[in-house]
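Q:
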Amino acid sequence: MTTTEVLVIGAGPAGIAAATAAAENGCAVIVLDDNVAAGGQIWREATVGEAASAHRGHGRKWRALERLRRSGAQVLGGRCVFSAEASGTVQTSHETSSGTLVEQFHFEQLILATGARERFLPFPGWTLPGVFGAGGLQALVKGGFPVGGKRVVVAGTGPLLLAVAAHLAQDSAVVSSVVEQASLGQLARFAASLWEHPAKLAQGVLYRAMLWKTSYRIGCWVVEAIAGSNGHNLSAVRVTDGTRVWTEPCDLLASGYHLVPNTEIAALLGCKFRGTFVQVDKAQRTSLPNVFCAGEPTGIAGLEAAMVQGEIAGLACAGISTTLLQKRVAAERAFGESMEKAFALRKELRSVPRPDTIVCRCEDVTFGSLHGYTGWTDVKLQTRCGMGPCQGRICGPVVEFLLGWSPVSIRQPLFPVPLQAFCFQDESVEIATTNEPIEEKA
Amino acid sequence: MKPFDILIVGAGIVGSAVARECALLGWRVGVIEGGTPAGGATAAGMGHVVVMDDSPAQLALTAFSRSLWQRDSEKLPKSVEFENRGTIWVAADEEEMAEVHLRHKVYEEAGIEARVLTAAELADKEPNLRRGLTGGLLVPGDGVVYPPAAAGFYLAEARRLGAQVFLARAMSASQGQVLLRDGVNLVAERIVLAVGTECDLLPSLPIQKRKGHLVVTDRYPGFLHHQLVELGYLKSAHKVTGDSVAFNIQPRQTGQLLLGSSRQYGNEGPEVEAEILRRMIDRAHGYMPGLEQLSVLRVWTGFRAATADKLPLIGPAAGFSEDRSLWLAAGFEGLGITNAPGAARLLMDAMLGRESAIDASPYLPARLMEPARLAHV
């Protein structure tokens, strides 16, 4: 059992800023993250080929991490939070060479900086090998997955598409097209609003320049992934602009529909929500007095917003006024809102899945079987949609978009953990794992 | 609106079974559900179709109702996941083994197939149980179902036969009228309260919430073959007061395992309680050491609708209400899934004045009005 004044969950930009601010102002701080290294999704470390190091964001990352290190905050990587209580306890599981280690952390104040994940939308053929989430493929490539010479289509919506495409191109993939569902009008208004955020505009222009050989198809979307003659691998995608449908050959498809916030811990703690986001006050305090939240879970608004919100939360924990910083939050939130408008999902995407298209991969639930129910709980109970190991993290936002039902419940453990993890008493529980399979696990 | 023959408040497994039974008779049926159909105790529980012999009346009802499950098993859609797994009551010592022989006799006399297992037979049937257990009692006719789908099937059958379902909260139910939150007033000859633990419509109902915890694991096909329940379950489950845990584990058709059980009075909050969960898992671990490495997907809690004598309330609400239009099908505690079809049948028999397959008097709600009886249970 470990006790700390401030516990930060998430070591992305928001968590780093929060931990730094709290620790620099005298708080004992521990930061937990499920990744081994700090940085979050946006600053994820490339484990092979430091191709991205020339990129201007990188310097900021090193500065932020260096300041965090000097602040005295302790970063513990590889910790998956699987349960949390507002009374002041968080439990994590940690895979070590000798098995799963369960640890318990007691906090006085908690800062949730849990970031966001990619929204996936289903289309016929999305379960074929060769189809990836856009951010997922980028992470794989950073981990060494080879894409050199592969023809890649990057499709979906949001600013992440260009970033992913640029990264893949740097790794010698042939990015044949970027398919963006937002309309030209929406994007033009968004681009115009970027004049107030020159750094973001510059980054967009840089990405676009890196992709000069790639077609950028605006107002288009993928309606199907097609298997090659062996039936097992992706060979092409069908793309439409709403009137015409055409085929684009490719080896890989990176598909992502902007971001959804990671709010599971906040929900488990019982924080109040504002729509799909965690409700916070100007000091980033949630409806629970000892719990703060910063970054994407409070509204998708990108890196700058995450960093300033994190700083505010950290200072607030240390009892320091944050009035001056709050203006910047408002400006960044406005950016987030214009981004949300620009990349709002078009309604045609709701008719892309066919009745036999899988929506919940954990439980093999098809789109066709989701009809005729009264809401999320009903469909979950009757079809098992969202009942698998991911607890609806993937299919929940899909069902919300396709059918308008919001996911309602989250339960511990937030991630599958060995049963023994619940037998935690006072010491850390070390769960030895054997190499013998337990019967024939499916 | 044209009056209904019957209005059923609550679309859990009991209300849905009653709705089907009425619709089969050609009655005009209305079902009222304020939450999600099958979203209460039906969704929270295990789905064990089991003969229990806590009392002769409990034995009679569970045996009768189980026979209806078995008779219907061919008609149940795949989604109900009905499987004739059988129950093994596990004996950990000689004292419990004596209990095994005693129960074997009781089951035999009641015409329920049961077989005493030696330690070796037990180990052979369930190799993941720890060594050194004394034996067990196998009840091969017991089954496992997925309760929300079973309730969904009953309700769909009722609808197919013309029943109407109203998804709105009932604000009042009396004198043949049910007022819905949306202002609609429904009229019927009879009203059945199949309300689980939600007693707002008739607060005098002698039902207490009894909290339970359940754990579901990832898929481990072949890890477990029968539903296993420790014989100590009788000691812990049937204590009327105090918190208790017992080893009770169920193999799902998906290969997942459902692990229970805990019983608590007094806490009506839905939160998972670390201490009782730990006790429950420790208990299970004592019987099945291999469980500790299995991956847990979710832990949740639910509430059983408990009565003082551990028997349900099936019949007229007389004794709790002057209203002669009111009937009850409530208070099933941990046996709502097992007893739903049987209870629906007994309720119909009472409404029609038909003779029942078993003596229905032990379940008449009015019994719990007798002060003398209340005092000594």
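Those protein sequences? They're chains W and F, same order as listed.
Numbering-wise (my numbering), the first sequence opens with residue 1 and increments by one.
Numbering-wise (my numbering), the second sequence opens with residue 1001 and increments by one.
Idealized CB from N, CA, C, for every residue including glycine.
So, histidine 1101 of chain F versus alanine 1114 of chain F, is the Cβ gap smaller than 8 Å?
A: Contact: no.
Q: Rounded to the nearest angstrom, how far is the Cβ of isoleucine 1008 of chain F from that of valine 1192 of chain F, given a contact under 8 Å?
A: That pair is a contact at about 5 Å.
Q: Helix, strand or coil: which one does DSSP assign to arginine 1160 of chain F?
A: If DSSP states are grouped into helix, strand and coil, arginine 1160 of chain F belongs with the helices.
Q: Let's test the definition: count the other Cβ atoms within 10 Å of the Cβ of leucine 1374 of chain F and tell me whether it reaches 16, buried, or not, exposed.
A: A caution first: leucine 1374 of chain F carries a pLDDT of 47, below 50, which makes its placement in the model unreliable, though a value can still be read off. By the neighbour-count rule (16 or more Cβ atoms within 10 Å), leucine 1374 of chain F is not buried but exposed.
Q: Any beta carbon of chain W sitting closer than 8 Å to that of isoleucine 1281 of chain F?
A: So, interface residue.
Q: Can you tell me whether DSSP reads glutamine 41 of chain W as helix, strand or coil?
A: Coil.
Q: Would you kindly work out how many angstroms separate the C-alpha atoms of valine 141 of chain W and leucine 168 of chain W, rounded to a whole number?
A: Each residue's Cα considered, the two are about 8 Å apart.
Q: According to DSSP, is glutamate 1198 of chain F part of a helix, a strand, or is it coil?
A: Correct three-state label for glutamate 1198 of chain F: coil.
Q: Show which residues of chain W have a CB atom less than 9 Å away from the CB atom of glycine 1039 of chain F.
A: Correct list: Thr377, Asp378, Leu381.
Q: At the level of alpha carbons, what is the spacing between alanine 1274 of chain F and glutamate 85 of chain W?
A: Approximately 10 Å, taken between the alpha carbons.
Q: Nearest by alpha-carbon distance to arginine 1298 of chain F: which of F:Pro1312, F:Val1272, F:Lys1310, F:Leu1313 is it?
A: The option with the nearest alpha carbon to arginine 1298 of chain F is F:Val1272.
Q: Measuring alpha carbon to alpha carbon, tell me which residue in F:Trp1300, F:Phe1332, F:Gly1315 is nearest methionine 387 of chain W.
A: Considering only alpha carbons, the answer is F:Trp1300.
Q: Hey, alanine 1023 of chain F and leucine 1186 of chain F are a contact pair by Cβ (cut 8 Å); roughly how many whole angstroms apart?
A: No, alanine 1023 of chain F and leucine 1186 of chain F are not in contact; Cβ-Cβ is about 16 Å, not under 8 Å.
Q: Strictly under 8 Å for the Cβ-Cβ distance: is proline 418 of chain W near chain F by that measure?
A: So yes, proline 418 of chain W belongs to the interface.
Q: By Cβ distance below 8 Å, which residues in the same chain neighbour alanine 1092 of chain F in space, the five residues on each side in sequence not counted?
A: These residues qualify, in order along the chain: Leu1133, Thr1134, Glu1230, Leu1231, Gly1232, Tyr1287.
Q: Go through its chain and collect everything with a Cβ distance to proline 122 of chain W's Cβ below 7 Å, but skip five positions before and after it.
A: So the qualifying residues of the chain are Pro353, Thr357, Ile358, Val359, Phe367, Val398.
Q: Mind checking if proline 450 of chain W is an interface residue toward chain F, Cβ cutoff 8 Å exclusive?
A: This structure cannot settle anything about residue 450 of chain W, because the visible part of chain W is limited to 1 through 442.
Q: Which same chain residues end up closer than 7 Å to glycine 1255 of chain F when comparing Cβ atoms and leaving out the 5 residues on each side of it in sequence?
A: So the list reads Arg1219, Tyr1220, Pro1221, once near-sequence residues are dropped.
Q: Compute the distance between the beta-carbons of isoleucine 30 of chain W and alanine 313 of chain W, then report whether it is under 8 Å.
A: For isoleucine 30 of chain W and alanine 313 of chain W, no; Cβs fall outside 8 Å.
Q: Does DSSP classify methionine 1171 of chain F as helix, strand or coil?
A: Reduced to three states, the DSSP call for methionine 1171 of chain F is strand.
Q: Which stretch, first to last residue, makes up the alpha helix (DSSP H) that contains glycine 1135 of chain F?
A: Run containing glycine 1135 of chain F: none in the alpha helix (DSSP H); it sits in the beta strand (DSSP E), 1135–1139.
Q: If you draw a straight line from the C-alpha of isoleucine 1337 of chain F to the C-alpha of valine 102 of chain W, how long is it?
A: In a straight line, the C-alpha of isoleucine 1337 of chain F is about 36 Å away from that of valine 102 of chain W.
Q: DSSP beta-bridge partners for arginine 1219 of chain F?
A: Paired residues: F:Gln1256.
Q: Please confirm if the stretch 311–325 of chain W is in contact with the stretch 256–276 of chain W, defined as three or more CB-CB distances below 8 Å between the two stretches.
A: In short, these stretches do not touch, since the Cβ pair count stays below three.
Q: Glycine 49 of chain W to glycine 143 of chain W, Cα distance in whole Å?
A: In this predicted model, glycine 49 of chain W has a pLDDT of only 40, less than 50, meaning its place in the structure is not dependable; the value taken from the coordinates is given anyway. Rounded to the nearest angstrom, the two C-alpha atoms are 9 Å apart.
Q: Using beta-carbon positions only, say whether leucine 1061 of chain F and asparagine 1339 of chain F come within less than 8 Å of one another.
A: Cβ distance < 8 Å, so leucine 1061 of chain F and asparagine 1339 of chain F count as in contact.
Q: Name, please, each residue of chain W whose Cβ falls closer than 7 Å to the Cβ of aspartate 1218 of chain F.
A: Result: Pro389, Pro416.
Q: Determine the DSSP secondary structure at glutamate 103 of chain W, reduced to helix, strand or coil.
A: Of the three classes helix, strand and coil, the one that applies to glutamate 103 of chain W here is strand, per DSSP.
Q: Can you tell me whether glutamate 1333 of chain F is helix, strand or coil according to DSSP?
A: DSSP places glutamate 1333 of chain F in helix when its eight states are reduced to three.
Q: Might you give, ordered along the chain, the residues of its own chain that have their beta carbon closer than 8 Å to the beta carbon of serine 1172 of chain F, omitting 5 neighbours on each side?
A: Here the set comprises Val1178, Leu1179, Leu1201.
Q: At a CB distance below 7 Å, what residues from the stretch 1087–1104 of chain F approach chain W? Give them in sequence order.
A: Listed in sequence order: no entries.
Q: Three-state secondary structure (DSSP) at isoleucine 9 of chain W?
A: Three-state result, isoleucine 9 of chain W: strand.
Q: By how many angstroms is the C-alpha of aspartate 33 of chain W removed from the C-alpha of isoleucine 42 of chain W?
A: Taking the straight line joining both Cα atoms gives about 14 Å.
Q: Taking only runs that begin and end inside the stretch 1295–1367 of chain F, name each unbroken alpha helix (DSSP H) of 4 or more residues, in chain order.
A: Runs found: 1336–1352.
Q: Is there contact between the stretch 1136–1147 of chain F and the stretch 1061–1080 of chain F, where contact requires at least three CB pairs shorter than 8 Å?
A: Segments in contact, yes.
Q: Give the straight-line distance between the Cα atoms of threonine 383 of chain W and glycine 115 of chain W, rounded to the nearest whole angstrom.
A: Rounded to the nearest angstrom, the two C-alpha atoms are 30 Å apart.
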